[in-house]
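**Student:** For the working numbering, count along the sequence shown from 1 and bump the result up by 144.
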Amino acid sequence: MASIFTKIIQGSIPCYKVAETDDFLAFLDINPNAKGHTLCIPKKEVDKLFDLDPETYTGLMEFSRKVALALEKAVPCKRIGMSVIGLEVPHVHVHLIPLNHMEDIRFVQKVALTPEEFQALAETIAKHYRG
Ligand code: AMP
Numbered sequence: 145m146a147s148i149f150t151k152i153i154q155g156s157i158p159c160y161k162v163a164e165t166d167d168f169l170a171f172l173d174i175n176p177n178a179k180g181h182t183l184c185i186p187k188k189e190v191d192k193l194f195d196l197d198p199e200t201y202t203g204l205m206e207f208s209r210k211v212a213l214a215l216e217k218a219v220p221c222k223r224i225g226m227s228v229i230g231l232e233v234p235h236v237h238v239h240l241i242p243l244n245h246m247e248d249i250r251f252v253q254k255v256a257l258t259p260e261e262f263q264a265l266a267e268t269i270a271k272h273y274r275g
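(1) Starting from the Cα of K210, find the closest Cα among V252, M226 and N244 and give me that residue.
(2) Checking 8 angstroms against the spacing of the C-beta atoms, do V238 and L204 come in under that value?
(3) Return the residue from the list L231, E216 and L172 that minimises the CA-CA distance to Y160.
(4) Return yes when the Cβ of G180 is within less than 8 angstroms of the Cβ of A212, no when it is not.
(5) Under 8 angstroms by Cβ, that's how I've got L215 and T182 pegged, so tell me the actual separation to the nearest angstrom.
(6) Would you decide whether V162 is buried or exposed? Buried here means 16 or more other CB atoms lie within 10 Å of its CB.
(7) Can you give, in chain order, each stretch of the beta strand (DSSP E) that sits fully within the region 155-195 and has at least 3 residues?
(8) Give the straight-line distance between the Cα atoms of V255 and M246, rounded to the nearest whole angstrom.
(9) Taking 7 angstroms as the cut-off, is the CB of V233 close to at least one heavy atom of the ligand AMP?
(10) Does the Cβ of P198 have 16 or more other Cβ atoms within 10 Å, making it buried, or fewer, making it exposed?
Okay, structure coming up:
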C-alpha cells in the first residue's frame with residue numbers, strides 16, 4: 145500500500161507545498177514542533193534513509209540544504225535543525241526545524257497553526273527557495 149507521503153506526491157492527500165523537483169518534495173509538517181517545520185522527501189518510496197541508493201541520498205541532502213536556506217530566510221530563528229526519525233511514517237523524510245531552543249528538536253512540544261497560517265508560511269518559504 146502507498147505510504148501517506150506517496151499519496152501526497154500523487155495529490156490524493158493535500159499538503160502545504162514548499163518546494164518540488166522531479167525527484168523530491170518539501171512540505172510543511174502538519175503537527176509542527178515549531179513554526180516552519182518542514183519535511184523533505186524523495187518521490188521514490190523507500191522506508192529507511194540509509195537504504196536509499198547513493199544518488200537519491202545525495203540528492204535528498206542537496207535538496208534539503210536548499211530548502212533549509214529558504215526556511216532560514218523565511219522564519220526568524222537561531223538556526224535550522226535537521227533530524228531523521230521515521231518511526232511514524234515509513235517513507236524517508238528529513239525534518240527541517242527552525243530552532244530557538246533545544247525543546248524545538250525534541251518532538252514533545254507542538255505548535256498549532258490555522259490552515260491560513262500554514263498556507264501563508266508555505267508561500268513565504270517557497271518565495272525564498274532557489275532551486
Ligand atoms: P516520523 O516518522 O516519526 O519521523 O514522523 C512523521 C512526521 O510526519 C510527523 O512529524 C507528522 O506530524 C508528519 N506527518 C504525518 N502525516 C502528515 C501529513 N499528512 N502531512 C504533513 N505531515 C505529516
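Backbone N, C-alpha and C fix where the C-beta goes; we use that ideal spot for every residue, glycine too.
Predicted model only: the values in this text are computed from it and were never measured.
**Tutor:** Considering the structure as presented:
(1) Considering only alpha carbons, the answer is M226.
(2) Yes, they are a contact pair.
(3) Comparing C-alpha distances from Y160 to each of L231, E216 and L172 shows the shortest one belongs to L172.
(4) Not closer than 8 angstroms, so no.
(5) With 8 angstroms as the limit, L215 and T182 qualify as a contact, their Cβ atoms being about 6 angstroms apart.
(6) V162 should be labelled buried.
(7) The region 155-195 contains these whole beta strand (DSSP E) runs: 161-164, 168-172 and 182-186.
(8) Their backbone Cα atoms lie some 15 angstroms apart in a straight line.
(9) Indeed, a heavy atom of the ligand AMP lies less than 7 angstroms from the Cβ.
(10) Counting Cβ neighbours within 10 Å, P198 comes out exposed, since fewer than 16 surround it.
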